[in-house]
Amino acid sequence: MGHLVGALQQFSGATQAIRKELPADAQYGQLITLFLGTASLQLAYALLKDGNLPLLLGDGTEHLQKLGLRFDELFRELDVDGRRFLAVALV
Numbered sequence: 001m002g003h004l005v006g007a008l009q010q011f012s013g014a015t016q017a018i019r020k021e022l023p024a025d026a027q028y029g030q031l032i033t034l035f036l037g038t039a040s041l042q043l044a045y046a047l048l049k050d051g052n053l054p055l056l057l058g059d060g061t062e063h064l065q066k067l068g069l070r071f072d073e074l075f076r077e078l079d080v081d082g083r084r085f086l087a088v089a090l091v
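Each residue of the sequence shown is one higher than the last, beginning at 1 in UniProt numbering.
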């Protein structure tokens, strides 16, 4: 588990370094690198905090059932004005 957390933290640091090199007017690049860095840090924190290894090694179906969700309810693809988005349910 420690190796995964370390890799996620290293990835976050790399995205921050890339973000610093991007021009200020490269808004898309700025947002993507900010999102990826933040998401990897939050995942690393969640792993350190909970460390629910069976959930990570399994398919997570049992955990979703406890939440009253199916996988297709957790993640959905939405079409808005001809643009496709990935939506994640807040649980």
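Ideal Cβ placement from N, Cα and C applies to all residues, glycine included.
Segment contact flag, the region 3-13 with the region 32-47, C-beta cutoff 8 Å, min 3 pairs: As far as the Cβ criterion goes, the region 3-13 touches the region 32-47, which means the pair count is three or higher.
Residues sharing a beta bridge with F85, DSSP: L78
Separation of K66 from D72, as counted between CA atoms: If you take the alpha carbons of D72 and K66, they lie about 15 Å apart.
A24 - DSSP class collapsed to helix/strand/coil: coil
Under the three-state DSSP convention, the category R19 falls into: helix
Selected residue, minimal CA-CA separation from Y45, among V88, A89, F85 and L4: L4
CB contact flag (L74, L86, <9 Å): No, the Cβ-Cβ distance between L74 and L86 is not below 9 Å.
Option in R84, T33, L48 and G68 with minimal Cα separation from Q16: T33
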